[in-house]
Each structure stands twice: as C-alpha cells, then as structure tokens.
Amino acid sequence: MISDLVFAVRSFRRSPGFTLAALMTLALGLGANCAIFAVVLGVLLRPLPLRDPDRLVWVGHLLREQGVAPHSFSPQDFDDLRGAGAGLASAAAYDWWPGLTGMNLTGGGDPLRLSVAWVSGEFFPTLGAATALGRTFAAAEDVPGRDRVVVLSHRLWRGRFGEDPSVVGRAVTLDSQPFTVVGVMPPAFELPSRAVDAWIPLSRVGDDQVPHRRGIRWLEVVGRLAPGVSIAAAQSAADALFGRLEKSYPDSNEGYGKAAVEPLQKVVVGDVKPALLVLVAAVGLVLLIACANLANLFLARATARRREIALRAALGAGRWRLARQVLSESVLLAVAGGLLALLVAGWCLEGLASSAAGYLPRLDEVRLDGLVMLFTLSLAVLTGLAFGLPPALQAAGIQLLAALKEERGGSGASGGRGIGLRGGLVMAETALGALLLIGAGLLLRSFVELQHVEPGFRAERVLSLSVTQSGGKYDDERKLEAVRGEILRRLASLPGVLAVGASKTVPLQGGGEPMGFGVPGDGGAEVRVLPRSGGFIVSPGYFRALGIPIVRGRAFTPRDGAEDPSALIVNQALARQVWPGEDPVGKRVSIGRGAKLTVVGVAGDVRNDGLSSQPAPALYVPMAAAQRSTMKLFVRTAGDPAAVAAAVRTAIWDLDPELPISEIATLGQVVAAAVEQPRLLTLLVSLFGAVAVALAALGTYGVISYAARQRTREIGIRMALGADRREVVALVVRRGTALSLAGLAIGLLAALGLTRLLAGLLYGVSATDLPTFAVAALLVAAVALLASYLPARQAAGVDPLLAIRAE
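Per the working numbering, the very first residue in the sequence shown carries number 19; after that it's consecutive.
Dropping the structure here:
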C-alpha cells in the first residue's frame, strides 16, 4: 500500500493540470458539504446545551377553529397548569417579544435598550441551565417586591462589560432603578431567543404593565416531562386540563380547550429546518456530479495507462492488486481534497455566520470541530472510492494481449473502451444538474414573486427607529405623553422631513395586540371579534408617514385619544369581515371592558405579519389612548433618510440624553430583512445549480472530446472519402446531445416528483411550474450543445492525410 501511495504521488506530480483540476473540484464539493453539515449538526442535530434536553417541551394552547398554537398563556392558566402537573415534573413561564419587552440600561456609556426576557423562578432549574459566572435566580427572588436581580447574556457581558468577571455582584441601572447582577449565561444559551440580553424575574411585571387577567394571554411555557411520561401522554393530560378550564371559564377560555406539546428543540429551531434540508440535498447533488466528473477523468486516465496496467499484469499483478493501485490514487487525491475542503468550509461558515445571523438559531453551536472534520475526511474517503471504483474495475478487467498489442498513445478503435460507462456518467451528471437547476429556478421565481408583493405601505425614503421611555421618571402617563408629543414635534420640524409617525410595532414584524371588540349581532346580542393581526397603537401621523391610504373616512387627529378617546380605525380586511357590503364609518363597537368606540376611518390593508402572509383583519387605536413604553418612529424625508439619522438622534437626546435609540434603519432595509432567509436560500441553491450545470458541461465536453480523439482515424477516412466539416461536426454533436438529452429527460421526470418537497418554501409559484421547467430544460440543453460543439469543431479540423498516417 505504501508503494502504491508513493507511486500515486509521483504520477500526480507528473500531471499537475489534472491534479489541480481534481483537487479544486473536490475542495469545492467536499467543502460545501462540510459547511452545510456543520450547520445542520449545530442547529438541528446537536442536543441543546441543557440537562436531559430530550425531556424538555414547549406547551401552548391550540386554537380549535384555526388549528394554530398562539404560544400564549394567561398567568392564571399557567398557575393551573403548574398545579395540575399535566405530565410535567416542572413548568416555567416567560414573557419575551422581539423589540417590545426590554429595559433601558444607563450609566457606563451611551444609553442602551436591552431585550429582556421576564422569566419565572422555575425557568433556569426547569431547563437545567448552568451559568458561565455566578448563579441564576433563587426561588425567593421571584416574589413581588423582592430584591432587583438580573442575569446577563454572554454577548452583553462581553460587549458592554468587557468580560469583566467582577460584574457579578455589581449594581447596574435598568429603567432608572438599581439591579444586582447575579450571573452570566454561557454563549450557547439562547432561550427564549439569541436576541435576549438579560433575564429578570417575572414577578417584576406588574398588573399596571400587563393586565393579569385570565383572558389576557402573554406568557409562554416550557416544561420538563415527568419520569416515564411521553410527549403524547403529556399532550393528553394537557388536553384534559384545558378542556376543564374551557368549561369553567367560558368567557376567557372558549376555543382554548386543546393543547400543543412539542419538543423544545423543534421550537428553538423554528422554520429553518426545511431550508437547511434543501441545502443538504443541493450540496449532495453537487458532490455526486463532482464524483461523476472525477470518475470520467480517472476513466480517461486509466484508458491512457492501459499499456502500463497490462505490463503490471504480465509481471504477475493480480486483479485486486491492479484495482488497489487505482483506488489508492483516487482515495489519496480525495483525502488531499478533503483537507483543502476544511479551508473552504471555514470560509463558507464565516459567510453564513454574517449573512444568516438574523434568523439562524444556535449559531454558537456551528463550528468546525472534531466531529465535522471526521465527517469531512470520511466523506472524502467514500468519495474517492466512488469515483475510483469505475476505473479500478476497468483496470481489473483489462484484456492483457489486446492491451499489449496497442501502441503507446494509439488512437485505434480499441481506444473507445469505457465510452459506454463514461456516457452513462454524463447522463447522470446532466440529470442531477437539471434537477438542481429546476429547484433553483423555482426558488428564484418564488423570491421574485415575493419581491413584487405589495406590502400595503410605501417604504421608500422612510427612516425607522425605536425609542423606549421606561423607568421611574416616566411612570406618570401625562409626562410620558408630553415627551412623546415633543419628540414627534421636534422631528417633524427637522429640515427635509415630510411626515413623522409612531407605533408600538413595525410593519411586517407582527406584534398586534389581542384587541377583541364587540359588534351587535342578530337579535341584538353582541358578537365578539378578535382580529387575526390584532390591534395596533399608532400616532395621528402614522398613516401619512408610512403612506398607508385611508380609503374611507379620516385618519386620526391630535384630538383623538387625549380629548376624544372613542376613535377607531379598521383595515379593509376587517371591514369586509364584520360589515360586508356596508360602510363601517360611524359604526359603534365596544372594546376592552365595555368602552364604546366609533369607527372614523378605513385604512388600506397592510401585511403586518410578513410579506408571505395575506393581509389579515386589524384595527388601529390612537397612541394617546393606549400608552406603551416602546415607540417605533417613522420619519418620511424628501431625500435620503439615512442623511437625517444624526439630526434625529440629536433632537431626541437634547430632550432626554438617557433615552436609548435602537433599531435605526431605513424602512427599505426592514423590508429587505423580511425576505433575507428566502434571499439567502435562493442565492445558495442558485449558486449550487450553476456549479452543477457547469460540472455537467465539463463532463460532457471531456467525454465527447475523448471520444472524438479515439475516432481520429475514422474521421480522417470519412473526410478523405468526401465528408465535409459540417457532417463531421453533426456526427460528433449527435453523440453528446443524445447523452445529454437522455440525462435531461431523466432529470425532468425526477424533478416532477422531488420538487414537491419545496412546496412549503415557495410563494406564488407551483412546485411543478411549467415555465420554470421549460427554461431550465432549454438552458441545460443549450449548455450541453455547446459542450458537444466545441470538441466537434476540433474533430472537424483534423487533416485526413495526417490522421491516416498516424495509424
């Protein structure tokens, strides 16, 4: 074996072009697979860094009429769940919503808005989470009025406190109040989200912040299964409990009688699993095509070495010895390519970490560790065996006498051996390339459709930012309202500003509050309506700043909310649902605990829950009538919105230098971020598709070029007997196009079945979209024709006399 490897190294050194091409093909194919495997391992396969993670579950209500889990509990429902057990050894509640639940950190630098998760005392013990420094909360600290304590995320500890270990026990100022840091979590802990900066006991959320009523659901629940209890058993127990609660409290729990119990890891991963599996399939197809290409290269190389192999056989080498020689060369080359692939994978992971940081969970678990390296080298060995096996079998089956009779470098008819196998590999490459290209085409069409979706607002020339007024000095709602009004007035007076609006949420990011309302029904009984998108708290200038049309009635005025708290605006979807065929303006409704409101306007539909979701029923209430600590500001400008960002900061900090300003971006960037995941998936799969088609074309070119060289004498005789160049070109092209078209047909048939797996990732396009299939087929056919035409032209340029004399 050592002798074989030494000989392989010498032979590769004599063929630097062949060696370099093979190594680059392997490095790209194996590197992409290594990078995607590292992501899949870290995100999907690696257990959560918690005690017995397979026993952790997420528990939620399942709305019977909609079949969806709203991810929420009221404090009373959670207490009932915790008391009943429902198959859980322990349960914990938390409240976290991106961009909404947080506190202001002041002192030691610029004011900073922290994303805070309010968690019950059982949160960390239930998860079995250990700290990097210090401790988590003691049971007695989750009691109203107890000491103010906080646990920091590793990211915040590193970025704000410079990884100072003495931070534990230090006091920090949150919302103008001192909190004692009791611990720091490790980097891998990112529950309920990697965006969380700090954890604070849930008991500090008072009824004045969120009403603690059974009908107000704002908590999410995680639990640890009791010993011997399965998820199905816990589901049944929770169903029974929720059914009893529905009967006992029909006013607040009607429709919430079913439970959803799922593994916590599934919830943490979220909706990225389908996209990752598509990438796994894509890089796997690329590697298969690379293997077919390399097999063709090695078959050609083995054919050129038939005389050498025959001499080895004549000197006593057996079939296994000959096959082992070829396999040792392919495996050695594959292992070298695998080592290079680790470098390629490192670069790929750096790019993924920066481009997918916004939505890919568990990024701290994605790394090139020993398991990933072992996988890569094992895959390299298997790849080497895969593309080395065909030439090895060819070498083992060599006909000794015929091979020894061949002249070195001859081009007779016998040189065409192995063309059938190589043609089959070309067909396989073309089929796989077509399949991958069709998948990329479907994702590209879907992304284009998503890009052309009308969001319901005009994002151009709008600056978006977030300001949160929390802490003791803003406990007085009148002062809170006065400061907000002053902020809006100062921003509206800035040069180049056309309109300023505010809301609690940002379009496309959800966050509508569950503001149900009542309307008179048949017989005078009140019918309760809960808009699917919820209620949105906005300022009078909100609709103008975002360019949302008021299609009927009027927008809010400064009088609405403060002086007249009865104004309400609904969107078109809600108007169609509640008042079909009627004019909703002037309709009286009841909201909350019986407050009477009047519909003063109908706004255009906005896709509040994302571009891929249909506009859902929603309502709007004046900000002055429903104060919230967080205010999202939208500044419409006459020119570039980024140019006024500095002036906006100055105007706000002149009023209160302790107000944290965060999430500064143009609204166009917000819209772009909403499609970041499909954009990245489309880009990667399209890149892999292009590589696959290029590799298939190279394979076709290599086979046809090799076949043409083997037929040099035949072509020379044909041309000597009167065949012209066009006939020779057609003869050679027919061979290549026949192979490619056969592979294309196989690929199209496979795509008809396999692309259905992409259906959940597509928007506005069918998984069997005929134009996409047609364009992909034409592109593959055109590339195959070009790959066949180039060697055909070379063959047609043969001098007949020289070709015959060469024999």
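Backbone N, C-alpha and C define an ideal beta-carbon position, used for all residues, glycine too.
Let me check understanding here. Comparing Cα to Cα, which of 766, 777, 774, 231 lies closest to residue 793?
Taking the sequence shown and counting its residues from 1, the one referred to as residue 793 is at position 775. When only C-alpha atoms are compared, the closest one is 766.
Check residue 38 in the structure and name its three-state DSSP category.
One-based indexing of the sequence shown puts residue 38 at position 20. In this structure, residue 38 counts as helix in the three-state DSSP scheme.
Whole-number beta carbon distance between residue 525 and residue 475, since they are thought to touch under 8 Å
Taking the sequence shown and counting its residues from 1, one reaches residue 475 at position 457. Taking the sequence shown and counting its residues from 1, one reaches residue 525 at position 507. With a Cβ gap of about 6 Å, residue 475 and residue 525 count as contacting.
Could I get the ranges of all uninterrupted beta strand (DSSP E) runs contained in the segment 557 to 603, with 3 residues as the minimum, in chain order?
Qualifying beta strand (DSSP E) stretches, in chain order: 568 to 571, 585 to 589.
Where do the N-terminal and C-terminal ends of the alpha helix (DSSP H) with residue 654 fall, by residue?
Locating residue 654 in the sequence shown gives position 636, counting from the first residue. From DSSP, residue 654 is part of no alpha helix (DSSP H) but of the beta strand (DSSP E) over 648 to 655.
Does any residue of chain D have a CB that is nearer than 8 Å to the CB of residue 111?
The chain inventory of the structure shown lacks chain D, comprising one protein chain alone.
Candidates 654, 188, 134, 509: closest to residue 211 by CA position
The sequence position of residue 211 within the sequence shown is 193, counting from 1. Per the Cα distances, 134.
Kindly confirm or deny that the segment 589 to 602 and the segment 634 to 644 touch, where touching means at least three C-beta pairs closer than 8 Å.
Flag = yes, the segment 589 to 602 and the segment 634 to 644 touch.
Starting from residue 758 and walking both ways along the alpha helix (DSSP H), at which residues does that stretch end?
For the purposes of this step, residue 758 is taken as residue 740 along the sequence shown, with counting starting at 1. Per DSSP, the continuous alpha helix (DSSP H) segment holding residue 758 begins and ends at 743 to 772.
Residue from 175, 104, 90, 106 with nearest C-alpha to residue 132
For this step, residue 132 is matched to residue 114 along the sequence shown. Ranking 175, 104, 90, 106 by CA distance to the CA of residue 132 puts 175 first.
Hey, residue 274 and residue 470 are a contact pair by Cβ (cut 8 Å); roughly how many whole angstroms apart?
As a first step, residue 274 is located in the sequence shown; it is residue number 256 there, counting from the start. As a first step, residue 470 is located in the sequence shown; it is residue number 452 there, counting from the start. Not a contact, Cβ separation roughly 38 Å.
Quick one: which unbroken beta strand (DSSP E) runs of 3-plus residues sit fully inside the segment 206 to 257? Chain order, please.
Counting only runs of 3 or more, we get 216 to 219, 238 to 243.
Shortest alpha-carbon distance to residue 235 belongs to which of 552, 372, 482, 316?
Along the sequence shown, read from residue 1 onward, the residue named residue 235 stands at position 217. Nearest C-alpha to residue 235: 552.
Taking the continuous beta strand (DSSP E) assigned at residue 544, which residues delimit it?
As a working note, residue 544 is residue 526 in the sequence shown. Unbroken beta strand (DSSP E) run through residue 544: 544 to 547.
If you count every other CB in all the chains shown that lies within 10 Å of the CB of residue 20, and 16 or more means buried, which is it?
To locate residue 20, count along the sequence shown from 1; it is residue 2. Counting other Cβ atoms within 10 Å of its Cβ, residue 20 stays below 16 and is therefore classed as exposed.
Measure the C-alpha to C-alpha separation of residue 745 and residue 802 and round it to an integer number of angstroms.
Your numbering for residue 745 matches position 727 in the sequence shown. Your numbering for residue 802 matches position 784 in the sequence shown. Straight-line spacing of the CA atoms in residue 745 and residue 802 works out to 19 Å.
Beta-carbon separation (whole angstroms), residue 518 vs residue 662, contact threshold 8 Å:
The residue given as residue 518 occupies position 500 in the sequence shown. The residue given as residue 662 occupies position 644 in the sequence shown. Approximately 11 Å separates the beta-carbon atoms of residue 518 and residue 662; this is outside 8 Å, ruling out the contact.
Give me the Cα-Cα distance between residue 576 and residue 382, rounded to the nearest whole angstrom.
Taking the first residue of the sequence shown as position 1, residue 576 is located at position 558. Taking the first residue of the sequence shown as position 1, residue 382 is located at position 364. Cα-Cα distance, rounded: 48 Å.
Would residue 764 and residue 449 be called neighbours here (beta carbons separated by less than 8 Å)?
Position 746 of the sequence shown, counted from the first residue, corresponds to residue 764. Position 431 of the sequence shown, counted from the first residue, corresponds to residue 449. The answer is yes: Cβ separation under 8 Å.
Counterpart residues of residue 172 in DSSP-defined beta bridges:
One-based indexing of the sequence shown puts residue 172 at position 154. Listed as beta-bridge partners of residue 172 by DSSP are no residues whatsoever.
At a cut of 8 Å, does the segment 117 to 131 reach the segment 154 to 164 through at least three beta carbon pairs?
With a cut-off of 8 Å, the segment 154 to 164 and the segment 117 to 131 do not count as touching, because too few Cβ pairs lie within range.
Out of 330, 198, 177, 712, which has the shortest C-alpha to C-alpha gap to residue 186?
Residue mapping note: residue 186 aligns to position 168 of the sequence shown, counting from 1. Answer by Cα proximity: 198.
Helix, strand or coil for residue 281, going by three-state DSSP, please let me know.
Along the sequence shown, one-based indexing puts residue 281 at 263. Correct three-state label for residue 281: strand.
Exposure of residue 387, with buried meaning 16 or more beta-carbon neighbours within 10 Å
For this step, residue 387 is matched to residue 369 along the sequence shown. Exposed is the label assigned to residue 387, since fewer than 16 other Cβ atoms lie within 10 Å of its Cβ.
Among 506, 257, 645, 795, which residue has its Cα nearest to the Cα of residue 227?
If you number the sequence shown from 1, residue 227 lands on position 209. If you compare the alpha carbons of 506, 257, 645, 795 with that of residue 227, the shortest gap goes to 645.
Just the Cα atoms here: how many angstroms apart are residue 380 and residue 804?
Here residue 380 is taken as the residue at index 362 of the sequence shown, counted from 1. Here residue 804 is taken as the residue at index 786 of the sequence shown, counted from 1. A straight line joining the alpha-carbon of residue 380 with that of residue 804 spans about 45 Å.
Is it buried or exposed, residue 447, if we count other Cβ atoms within 10 angstroms and call 16 or more buried?
To locate residue 447, count along the sequence shown from 1; it is residue 429. The residue is buried, with at least 16 neighbouring Cβ atoms inside 10 Å.
My understanding is that residue 122 touches residue 215, with C-beta atoms under 8 Å, so please give their C-beta distance in whole angstroms.
Position 104 of the sequence shown holds residue 122. Position 197 of the sequence shown holds residue 215. Your pair residue 122 and residue 215 does not check out as a contact, with CB atoms roughly 11 Å apart and the cut at 8 Å.
If you follow the beta strand (DSSP E) that residue 113 is part of, which residue opens it and which one closes it?
Counted from its first residue, the sequence shown places residue 113 at position 95. Annotation: the continuous beta strand (DSSP E) that includes residue 113 extends over 106 to 113.
Give me the Cα-Cα distance between residue 435 and residue 389, rounded to the nearest whole angstrom.
Stepping through the sequence shown from its first residue, residue 435 is reached at position 417. Stepping through the sequence shown from its first residue, residue 389 is reached at position 371. Low per-residue confidence applies at residue 435: pLDDT is 43, beneath 50, and the placement is therefore not dependable enough to give any value.
At which residues does the beta strand (DSSP E) containing residue 786 begin and terminate?
Indexing the sequence shown from 1 puts residue 786 at position 768. It is not in any beta strand (DSSP E) - residue 786 carries neither H nor E in the DSSP assignment.
Measure the alpha-carbon distance for residue 407 versus residue 354 and round it to whole angstroms.
In the sequence shown, the residue the question calls residue 407 occupies position 389. In the sequence shown, the residue the question calls residue 354 occupies position 336. Looking at the two C-alpha atoms, the distance is approximately 18 Å.
Can the beta-carbon of residue 554 be found less than 8 Å from the beta-carbon of residue 522?
On the sequence shown, position 536 is the one that residue 554 refers to. On the sequence shown, position 504 is the one that residue 522 refers to. The answer is yes: Cβ separation under 8 Å.
Express the C-alpha separation of residue 714 and residue 455 in angstroms, rounding to a whole number.
The residue you call residue 455 lines up with position 437 of the sequence shown. The residue you call residue 714 lines up with position 696 of the sequence shown. Each residue's alpha carbon lies about 11 Å from the other.
Could you check where the alpha helix (DSSP H) with residue 668 kicks off and where it finishes?
One-based indexing of the sequence shown puts residue 668 at position 650. Per DSSP, residue 668 belongs to the alpha helix (DSSP H) from 663 to 673.
Is it a yes or a no for the segment 275 to 283 touching the segment 247 to 265, going by three-plus beta-carbon pairs under 8 Å?
Under the 8 Å Cβ criterion, the segment 275 to 283 counts as touching the segment 247 to 265, having at least three qualifying pairs.
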